[in-house]
Amino acid sequence: MTEETSTGLKDISQIPKSEVERIVQWSKLARNPRYNRCDEGWSGFGKNCFGYHGYFAFLDATGSVSSPRAHEGFYLSGLGSATGDQEGNNNPAVLISGLATPSMAEIAVRGVERGTAIDIIDICETPLLVTQTTIPKLKEHDLRIKQQDVLDLDGLLEMAEHRGLYSAVVTDAFLTRFHDDEKHQVLESFSRILRRSSGSLITTWRIRDEQQDERGYGTELDREIFIENVVAAAEGLGIPYTLDEIGAAYNYASTMTSHGGQSIGEIRSMVEQHFKDVRIESTWPYKVYDVTMRTYARILARDPKNT
Numbered sequence: 003m004t005e006e007t008s009t010g011l012k013d014i015s016q017i018p019k020s021e022v023e024r025i026v027q028w029s030k031l032a033r034n035p036r037y038n039r040c041d042e043g044w045s046g047f048g049k050n051c052f053g054y055h056g057y058f059a060f061l062d063a064t065g066s067v068s069s070p071r072a073h074e075g076f077y078l079s080g081l082g083s084a085t086g087d088q089e090g091n092n093n094p095a096v097l098i099s100g101l102a103t104p105s106m107a108e109i110a111v112r113g114v115e116r117g118t119a120i121d122i123i124d125i126c127e128t129p130l131l132v133t134q135t136t137i138p139k140l141k142e143h144d145l146r147i148k149q150q151d152v153l154d155l156d157g158l159l160e161m162a163e164h165r166g167l168y169s170a171v172v173t174d175a176f177l178t179r180f181h182d183d184e185k186h187q188v189l190e191s192f193s194r195i196l197r198r199s200s201g202s203l204i205t206t207w208r209i210r211d212e213q214q215d216e217r218g219y220g221t222e223l224d225r226e227i228f229i230e231n232v233v234a235a236a237e238g239l240g241i242p243y244t245l246d247e248i249g250a251a252y253n254y255a256s257t258m259t260s261h262g263g264q265s266i267g268e269i270r271s272m273v274e275q276h277f278k279d280v281r282i283e284s285t286w287p288y289k290v291y292d293v294t295m296r297t298y299a300r301i302l303a304r305d306p307k308n309t
């Protein structure tokens with residue numbers, strides 16, 4: 003994971019070329035007709051999610067968006083703890099919920115022991131197909147990959163029962179894709195598919211910034227600066243780009259919405275309605291760049307109330 007500069011942008015000089023090339027390849031595959039299923043995917047990004055799943059990895063390779071890589075150490079630590087030796091945690095199992103790219107799956111396979119059961123779900127099949135193709139270490143695990151809407155509780159329960167419930171659910175900034183009533187629905191579902199006492203939700207959540215609008219992706223000036231940053235980073239890293247990628251970058255900045263308008267206290271209050279043991283740390287004073295500068299809550303919630 004690379005360090006952040008004072009502007010919040012990653013110091014691209016520290017990013018290995020092989021890592022950049024791998025992430026760019028994810029983006030190319032996501033746009034390939036053999037892998038792209040966005041016409042039947044997520045409806046929260048306009049007509050379909052092609053502009054999101056097709057290009058997010060390109061933007062991540064330039065260090066211009068927030069991805070699981072910005073919280074890598076937190077996820078590795080949380081997964082290691084949740085799936086480690088402890089009472090009631092025989093045959094550990096992990097659910098990865100929601101993917102923009104294969105990044106979270108790549109982190110997860112390093113955070114758990116070989117052979118750990120891993121289930122991966124997303125409402126869109128595109129990132130599932132790309133992940134299955136590009137993360138060979140997944141073959142070392144008892145793996146299931148399924149197109150699944152997280153709001154479909156019956157589908158989640160069916161998957162969880164097959165695993166004897168989950169040791170951990172891990173997801174990156176996922177809850178901010180939902181309005182508050184749906185946030186509670188998702189938290190309720192997660193609490194029901196996790197193991198009693200030892201089951202852990204490991205996630206991040208954008209903290210409210212009074213200077214941000216409700217959508218959380220800034221002004222037209224912010225979007226113009228974002229495009230300049232993407233271009234500068236792509237050129238600095240030697241990433242080929244065309245007007246297609248630049249247009250997609252602007253579309254991302256002007257379309258994406260984050261329902262993360264909560265303070266740490268409000269986030270804690272929401273999560274504590276579903277979990278007994280909630281631990282939250284802020285990334286402050288370090289901010290993460292994603293069109294605008296933002297601060298995240300890193301959440302480890304254990305002992306679900308509704309198991």
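So in my numbering, spot 177 of the sequence shown is number 179, and the numbers just go up one at a time. Think of the CB as a built atom: it goes at the ideal place given N, C-alpha and C, for glycine as much as any other residue.
Could you compute how far the alpha carbon of residue i sits from the alpha carbon of residue j?
| i | j | result |
| --- | --- | --- |
| T221 | Q149 | 34 Å |
| R198 | G86 | 15 Å |
| S8 | E163 | With a pLDDT of only 34 at S8, under 50, the local geometry of the prediction cannot be trusted, and the value read off the model is given with reservation. So the alpha carbons of these two residues sit roughly 46 Å apart. |
| I301 | T206 | 6 Å |
| S69 | N92 | 31 Å |
| E160 | Y168 | 12 Å |
| A107 | T173 | 10 Å |
| T64 | I266 | 29 Å |
| G218 | G157 | 31 Å |
| Q275 | H186 | 8 Å |
| F76 | D305 | 19 Å |
| I248 | A175 | 24 Å |
On the criterion of 16 or more Cβ atoms from any shown chain inside 10 Å, does residue i qualify as buried, or is it exposed?
| i | result |
| --- | --- |
| N231 | buried |
| W2 | In the structure displayed, the chain extends from 3 to 309; residue 2 sits before or after that span and is not available. |
| E237 | exposed |
| P138 | exposed |
| L245 | exposed |
| Y288 | exposed |
| T128 | buried |
| W44 | buried |
| L203 | buried |
| P94 | buried |
| L223 | exposed |
| G201 | buried |
| H55 | buried |
In the DSSP assignment, the alpha helix (DSSP H) including residue i goes from what residue to what residue?
| i | result |
| --- | --- |
| W28 | 19-33 |
| S284 | Element bounds for S284: not the alpha helix (DSSP H) but the beta strand (DSSP E), 277-284. |
| V96 | Note, V96: premise wrong, no alpha helix (DSSP H); beta strand (DSSP E) at 95-99. |
Going by C-alpha distance, which of the options is nearest residue i?
| i | options | result |
| --- | --- | --- |
| F228 | S260, E274, F277, Y291 | Y291 |
| T136 | G166, D151, T103 | T103 |
| K49 | G263, K307, D144, T257 | T257 |
| I125 | V273, H186, R179, Y298 | R179 |
| V26 | D62, L131, I98, L101 | D62 |
Since residue i is in the beta strand (DSSP E), which residue starts that stretch and which ends it?
| i | result |
| --- | --- |
| V293 | That residue, V293, is in no beta strand (DSSP E); it is neither H nor E in DSSP. |
| Y298 | 298-306 |
| S83 | S83 -> not in any beta strand (DSSP E); alpha helix (DSSP H) instead, spanning 74-85. |
| A119 | 119-124 |
Residue ranges of each beta strand (DSSP E) within the segment 195-261, 3 or longer: Qualifying beta strand (DSSP E) stretches, in chain order: 202-208.
| Could you give the uninterrupted runs of the beta strand (DSSP E) lying entirely in the segment 157-187, keeping only those of 3 residues or more? | DSSP runs (the beta strand (DSSP E)) wholly in the segment 157-187: 170-173.
Q) Enumerated in chain order, which unbroken segments of the beta strand (DSSP E) with a length of 3 residues or greater are wholly contained in the segment 126-151? A) Taking only runs of at least 3 residues, the beta strand (DSSP E) segments lying wholly in the segment 126-151 are 144-149.
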